[in-house]
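For reference, the structure is listed below as structure tokens.
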Amino acid sequence: MTSHPTFGVEEEFLLIDPHSGAPLPVNRLVAEQAERSGVDLQLELTSCQVETATEVCDSPTQLSGQLRRLRRVAADAADAAGARLLAVGLPPTLPEHFPVTDTPRYRQIASRFGMIAREQGISGCHVHVAVPDRDAAIRVSNRLRPWLPLLLGLTANSAIYRNADSGYASWRHILWSRWPSAGPTPYFASADDYDGAVQMMVESGAMLDDGMVYWDVRPSANFPTVEVRVADVPATVAETVLLAALIRAAVMTALDEDERGTPLVQWDTHALNAAYWRSAHDGLAGEAVDLGGHGCAPAIDLLRSSVDHITPALRTVGDHGFVADELERVYRSGNGAMRQQGAWRRRGEVADVLDEAAVATVEGC
1 MTSHPTFGVE EEFLLIDPHS GAPLPVNRLV AEQAERSGVD LQLELTSCQV
51 ETATEVCDSP TQLSGQLRRL RRVAADAADA AGARLLAVGL PPTLPEHFPV
101 TDTPRYRQIA SRFGMIAREQ GISGCHVHVA VPDRDAAIRV SNRLRPWLPL
151 LLGLTANSAI YRNADSGYAS WRHILWSRWP SAGPTPYFAS ADDYDGAVQM
201 MVESGAMLDD GMVYWDVRPS ANFPTVEVRV ADVPATVAET VLLAALIRAA
251 VMTALDEDER GTPLVQWDTH ALNAAYWRSA HDGLAGEAVD LGGHGCAPAI
301 DLLRSSVDHI TPALRTVGDH GFVADELERV YRSGNGAMRQ QGAWRRRGEV
351 ADVLDEAAVA TVEGC
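365 is the number that UniProt numbering gives the last residue of the sequence shown; the numbers go up by one with no jumps.
In structure tokens, the structure reads:
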């Protein structure tokens with residue numbers, strides 16, 4: 001039996017026409033193809049998206065193996081359905097509208113939320129880490145709040161949108177923030193406090209049900225985990241594994257600090273919003289907000305400092321060397337947003353961005 005928290009990952013992907021690059025509404029057909037290989041793909045709100053989910057994992061090596069297989073099967077299934085699989089936070093090029101996947105729930109969401117639901121194609125990555133109970137998940141969520149903008153910057157992968165450079169590393173974050181239940185997670189005193197807030201939002205119509213809690217960290221509705229949802233879907237498997245390893249260590253550190261009674265800083269919403277905006281704008285290549293110092297510093301430096309803070313947890317699970325090496329590799333070679341921007345600057349052609357993203361999606365798979 002493992003002595004440290006297990007983890008798992010869900011990744012959302014875009015399906016595009018291999019010729020025009022436009023999102024292709026064939027998620028049911030792709031799911032049927034993947035099922036023949038023993039992989040159950042989930043259908044997303046828009047019919048140009050699918051989602052994969054790993055099993056419970058103990059180590060980055062195990063997680064990496066599962067993610068590589070899932071991406072490979074999903075990519076092959078997309079190809080068999082006449083589509084191309086991309087790990088991108090947003091479609092670089094758009095159709096007139098996104099057909100909503102034809103299920104009763106998704107039809108109801110589209111009816112209530114209108115264009116917010118219909119102009120989507122937003123793909124994220126959700127990392128689950130095991131925690132003792134829901135109250136522990138709430139306390140961990142409170143302590144993870146200052147981490148979230150840095151994780152957004154690390155995984156930013158949606159720079160090119162509507163055949164143009166958006167001017168942001170994660171334009172997905174900007175669009176996703178339009179949902180009334182998305183964005184920085186509020187501070188909650190307990191699980192009951194959290195449940196009361198969710199009930200109020202459901203009663204107000206801002207959520208259909210508790211499945212629409214889109215805050216960037218939350219207690220999972222289905223598993224005994226805390227779920228971190230802040231990230232764009234990373235461009236590569238390696239970046240997803242890095243993200244998951246960082247989050248697990250951050251959760252372990254939060255649990256330890258909670259047990260020891262380490263004082264918790266309740267960051268103001270305006271400070272978190274400023275940190276989110278800067279990370280969405282600059283990504284990994286620029287600066288990020290130093291919430292403790294109330295200024296800005298290079299994003300990579302703040303990430304290194306954050307890794308220093310969770311080093312005891314990383315050493316406990318044997319992940320410290322892996323995380324340090326991967327962080328430096330991503331900084332040297334670039335994350336998804338940096339790859340997209342580099343491809344765009346070569347000729348200003350969205351086809352180059354699509355090709356770059358397609359290669360990254362199955363890199364090492």
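Ideal Cβ positions, reconstructed from N, Cα and C, are used throughout, including at glycine.
Residue range of the alpha helix (DSSP H) that residue i falls in?
i: residue 366; result: The chain is shown from 1 up to 365; residue 366 falls before or after that span and cannot be answered.
i: GLY124; result: Not the alpha helix (DSSP H): GLY124 falls in the beta strand (DSSP E), residues 124-130.
i: ILE310; result: Per DSSP, ILE310 belongs to no alpha helix (DSSP H) and is neither H nor E.
i: GLY321; result: 320-333
i: VAL265; result: Element bounds for VAL265: n/a, residue is neither H nor E.
i: THR61; result: 60-80
i: VAL50; result: Segment 49-53 is the beta strand (DSSP E) holding VAL50; no alpha helix (DSSP H) there.
i: LEU29; result: 27-35
i: SER111; result: 104-113
If you draw a straight line from the alpha carbon of residue i to that of residue j, how long is it in whole angstroms?
i: SER3; j: ASP210; result: 31 Å
i: TRP277; j: GLU259; result: 32 Å
i: ALA235; j: LEU291; result: 27 Å
i: PRO104; j: ASP40; result: 20 Å
i: PHE113; j: ARG178; result: 10 Å
i: SER141; j: ARG347; result: 43 Å
i: ARG72; j: ALA53; result: 13 Å
i: TRP344; j: ASP301; result: 27 Å
i: ALA250; j: LEU154; result: 15 Å
i: VAL362; j: HIS309; result: 32 Å
i: MET1; j: GLY124; result: Note that MET1 scores a pLDDT of 34, beneath 50, so its modelled location is shaky; the value from the coordinates is reported in the next line. Looking at the two C-alpha atoms, the distance is approximately 31 Å.
i: GLN108; j: ARG315; result: 47 Å
i: ASP133; j: ASP355; result: 43 Å
i: GLU239; j: ILE174; result: 21 Å
i: ASP193; j: HIS128; result: 22 Å
i: TRP171; j: ALA159; result: 6 Å
i: GLY38; j: GLY318; result: 31 Å
i: PRO5; j: HIS19; result: 44 Å
i: ASP352; j: HIS294; result: 39 Å
i: TYR331; j: LEU243; result: 14 Å
i: SER306; j: THR93; result: 35 Å
i: residue 386; j: ALA137; result: The structure shown does not extend to residue 386, since the chain is modelled only from 1 to 365, so the question has no answer here.
i: GLU51; j: THR101; result: 13 Å
i: residue 378; j: TYR106; result: The chain is shown only over 1 to 365; residue 378 falls outside these bounds and no answer can be derived.
i: GLN340; j: MET115; result: 26 Å
i: GLU257; j: SER279; result: 26 Å
Which residues in the same chain have their Cβ closer than 8 Å to the Cβ of residue i, if we skip the five residues on either side of it in sequence?
i: ARG68; result: VAL237, GLY364, CYS365
i: PRO99; result: PRO25, THR46, SER47, CYS48
i: ASP282; result: GLY153, ALA169, ALA288, ALA299
i: VAL198; result: MET207, ASP210, VAL213
i: ALA74; result: PHE13, VAL30, ALA34, VAL39, LEU41, VAL50, THR52, LEU85
With distance defined between alpha-carbon atoms, name the residue in the options nearest to residue i.
i: VAL350; options: ILE16, GLU10, GLU11; result: ILE16
i: GLU44; options: VAL56, ALA110, LEU94; result: ALA110
i: ALA77; options: ALA159, LEU29, ALA244, PRO104; result: LEU29
i: ALA297; options: ARG71, ALA288, THR240; result: ALA288
i: ASP58; options: LEU264, GLN42, VAL241; result: VAL241
i: residue 366; options: PHE188, MET200, ALA136, ALA313; result: Beyond the ends of the chain as shown, which are 1 and 365, falls residue 366; an answer cannot be given.
i: LEU152; options: LEU86, ASP256, ALA337, GLU326; result: ALA337
i: PRO60; options: HIS320, GLY38, SER37; result: HIS320
i: VAL9; options: GLU55, GLY196, TYR106; result: GLU55
i: SER166; options: SER190, GLY89, PRO224; result: GLY89
i: VAL323; options: ASN157, LEU303, ALA280; result: LEU303
i: ASP325; options: MET115, GLY286, ALA245, ALA164; result: ALA245
i: GLY342; options: ALA191, ARG329, MET201, ALA164; result: ALA164
Can you list, in chain order, the residues of its chain with a C-beta nearer than 6 Å to that of residue i? Leave out the 5 residues immediately preceding and following it.
i: PRO91; result: LEU14, PRO23, GLY121
i: ASP216; result: LEU148, THR185, ARG229, VAL230
i: TYR214; result: TRP179, SER181, ALA182
i: ALA313; result: ALA249, MET252, THR253
i: GLU11; result: THR52, CYS125, VAL233
In its own chain, which residues sit with a C-beta less than 7 Å from the C-beta of residue i, not counting the 5 before and 5 after it?
i: ALA271; result: LEU291
i: ALA81; result: VAL26, LEU29, VAL30, GLN33
i: TRP267; result: ARG145, PRO146, LEU291
i: GLY65; result: none
i: TYR161; result: LEU90, PRO92, TRP171
Got a sec, what are the start and stop residues for the beta strand (DSSP E) residue i sits in?
i: GLY295; result: 295-298
i: ALA288; result: 287-290
i: THR361; result: Looking at the DSSP string, THR361 is not in any beta strand (DSSP E); the run it does join, the alpha helix (DSSP H), is 350-361.
i: VAL56; result: Here VAL56 belongs to no beta strand (DSSP E), and DSSP marks it neither H nor E.
i: VAL9; result: 7-16
i: LEU94; result: Careful: LEU94 lies outside any beta strand (DSSP E) and carries neither H nor E.
i: LEU45; result: First-last for LEU45: undefined, no H or E at that position.
i: LEU284; result: Counting along the chain, LEU284 falls outside any beta strand (DSSP E), and DSSP gives it neither H nor E.
i: LEU85; result: 84-86
Return no unless some Cβ of chain C is closer than 7 Å to the Cβ of residue i.
i: MET207; result: Absent from the structure is chain C; it holds one protein chain and no more.
| query | Taking only runs of the alpha helix (DSSP H) that begin and end inside the region 121-201, which ones reach a length of at least 4 residues, in chain order? | reply | Entirely contained in the region 121-201, the alpha helix (DSSP H) runs reaching 4 residues are, in chain order, 134-144, 148-155, 171-176.
| field | Entirely enclosed beta strand (DSSP E) segments - the region 198-224, minimum 3 residues | value | The qualifying runs are 217-219.
| task | Jot down the residue ranges of each uninterrupted alpha helix (DSSP H) in the region 224-249, minimum 4 residues, whole runs only, in chain order. | result | The DSSP assignment places no complete alpha helix (DSSP H) segment of no fewer than 4 residues inside the region 224-249.
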